[in-house]
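Asker:
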Amino acid sequence: MTPYEQLDLEDVEAKRLQVLRDNCHKLMDSQPYKDVIENGYFTEEAARLCMAKSCDMDDAQMKNIDNMIMGVGGFSNYLQTIMQRGARADQQLSDNEKTRAEFEDEQGGLE
Numbered sequence: 000m001t002p003y004e005q006l007d008l009e010d011v012e013a014k015r016l017q018v019l020r021d022n023c024h025k026l027m028d029s030q031p032y033k034d035v036i037e038n039g040y041f042t043e044e045a046a047r048l049c050m051a052k053s054c055d056m057d058d059a060q061m062k063n064i065d066n067m068i069m070g071v072g073g074f075s076n077y078l079q080t081i082m083q084r085g086a087r088a089d090q091q092l093s094d095n096e097k098t099r100a101e102f103e104d105e106q107g108g109l110e
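Following numbering that gives the first Met the number 0, the numbering of the sequence shown begins with 0 at its first residue and continues without gaps.
Structure representation (structure tokens):
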């Protein structure tokens, strides 16, 4: 595989990550997301689960509550990861453009 082909493959993946990030932004900016996820899941459901921890439950029920609490954090982390990967993709595309320019400069100097 040539260096140009490698850069092209990296660009395809970076653009995919940018689309995922952009779609996540659109989703998070929507009112349904705010109602269902931010207010409903991250706030109300998280508070309900924390309150449930103070109730008298057997070990299996307590384990289930713990897993559900971990799910709230896991989903939040997933969304943050999408945003971070999108930002890295922006940088990757910029770096790849610079690398292509360097390759072209080197090729020009060989002629």
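Here a beta-carbon is modelled for each residue, glycine too, at the ideal position from N, C-alpha and C.
1) What number of angstroms, rounded off, separates the C-alpha of L78 from the C-alpha of N63?
2) What are the start and end residues of each continuous alpha helix (DSSP H) run of 4 or more residues lying completely inside the segment 31-93, in chain order?
3) Could you compute how far the alpha carbon of V18 sits from the alpha carbon of G85?
4) Does M0 come out as helix, strand or coil in the three-state DSSP assignment?
Answerer: Short version:
1) 23 Å
2) 45-51
3) 8 Å
4) coil
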